[in-house]
Every structure is written in C-alpha cells, then in structure tokens.
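Numbering (full-length UniProt numbering), first residue to last: 1 to 129. Heads up, the beta-carbon is just placed ideally off N, CA and C, and yes, glycines get one too. Below is one structure; the comments refer to it alone.
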C-alpha cells in the first residue's frame, strides 16, 4: 500500500501526463463547481484556474447540448502563446491542461482517455471536499 496521500497520487498522475505529452506545462484537477482538487502548477494560481476551468466546461457542455452535437469530450482553446484544454472526468470533476505553442494536441488526445480513466479511479480515493 502506498504511503502517499490521495492528493499526492493525483499530482503524480498529472506529472506523468506532462512527461508523456510534449508541451504540457501545467495542469489542474477540480470539481465541476470549480473547487481545487489537485494541481501541478508553477505559474498559474491553481484555485483561479480551477474556477475558470469549471466555467469553461459548463459553457462547453451547454453549447454542445444547445446545438445538438452530442456530449462534450473536451474544450480546446488556442491562444497566441499556447493552449488551454479542459477535459471532463466523469460528471463531477475536470482536468485543465495548459500547454505551450508546441503542445502535441494529437498526443494529448491519444493519452487523455487512459489518463481520464485513471484519474476517475483515483478520485474515488479522495475525500469529499
């Protein structure tokens, strides 16, 4: 049995994703109502990123429902110097990924299903906020 806290295990999974996908700089896991769960960040304020990612996911879900294109898988925002990607982790959590201009979007899309499954499993260990 691991002696790590549940949050440390989540952060390890975020770091592993960063190691596997070129261009990921930071990542945040939050609840769908914007509460911080875990973060692998250096430059962004994790609580603010958690709240903003929840708003992005909510808007994306509402838009997808309104226009009838099926369930939301992710929200990808391309900026002048990088990317913000928000992925749903089930119905109650989400993953925000920040990437630089060289973010390997194809690699992220390859890695994200397994990462989301693993995070979903790990979140079962995390006490309710």
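Q) To which residues of the same chain is residue 81 closer than 8 Å at the C-beta, ignoring the five residues directly before and after it? A) The sequence position of residue 81 within the chain shown is 81, counting from 1. Apart from sequence neighbours up to five positions away, the residues of its chain that approach residue 81 with a beta-carbon distance below 8 Å are 100 and 101, ordered along the chain.
Q | Limits of the beta strand (DSSP E) - the one that residue 77 falls within | A | Taking the chain shown and counting its residues from 1, the one referred to as residue 77 is at position 77. For residue 77, the uninterrupted beta strand (DSSP E) run begins and ends at 74-79, by DSSP.
Q. Which residues in the same chain as residue 12 place their Cβ atom closer than 8 Å to its Cβ, once the five residues preceding and following it in sequence are excluded?
A. As a position in the chain shown, residue 12 is number 12, starting the count at 1. Excluding the 5 residues flanking it on each side, residue 12 has same chain C-beta neighbours closer than 8 Å at 4, in chain order.
**Q.** Nonlocal neighbours in the same chain, by C-beta distance under 8 Å from residue 64, ignoring five residues either side
**A.** For the purposes of this step, residue 64 is taken as residue 64 along the chain shown, with counting starting at 1. Only 70, 71 and 72 meet the Cβ criterion.
Q | Cβ contact check for the stretch 103-115 and the stretch 36-52: 3 or more pairs under 8 Å | A | Judged by Cβ distances under 8 Å, the stretch 103-115 makes no contact with the stretch 36-52, as fewer than three pairs qualify.
**Q.** Given residue 97 as reference, the closest of 6, 9, 8 and 30 once Cα atoms are compared
**A.** The sequence position of residue 97 within the chain shown is 97, counting from 1. Checking every option, the nearest Cα to that of residue 97 belongs to 30.
Q: Would you mind reading off the limits of the alpha helix (DSSP H) that contains residue 60?
A: Numbered from its first residue, the chain shown carries residue 60 at position 60. Counted as a single uninterrupted DSSP element, the alpha helix (DSSP H) harbouring residue 60 occupies residues 46-67.
Q) From 60, 20, 83 and 10, pick the residue whose C-alpha is nearest to that of residue 39; which is it? A) The residue you call residue 39 lines up with position 39 of the chain shown. When only C-alpha atoms are compared, the closest one is 10.
Q: Would you kindly report the start and end of the unbroken beta strand (DSSP E) that includes residue 153?
A: Nothing about residue 153 can be read from this structure; the chain reaches only from 1 to 129.
(Q) To the nearest angstrom, how far is the alpha carbon of residue 34 from that of residue 89? (A) Position 34 of the chain shown, counting from 1, holds the residue named residue 34. Position 89 of the chain shown, counting from 1, holds the residue named residue 89. The alpha-carbon separation between residue 34 and residue 89 amounts to approximately 13 Å.
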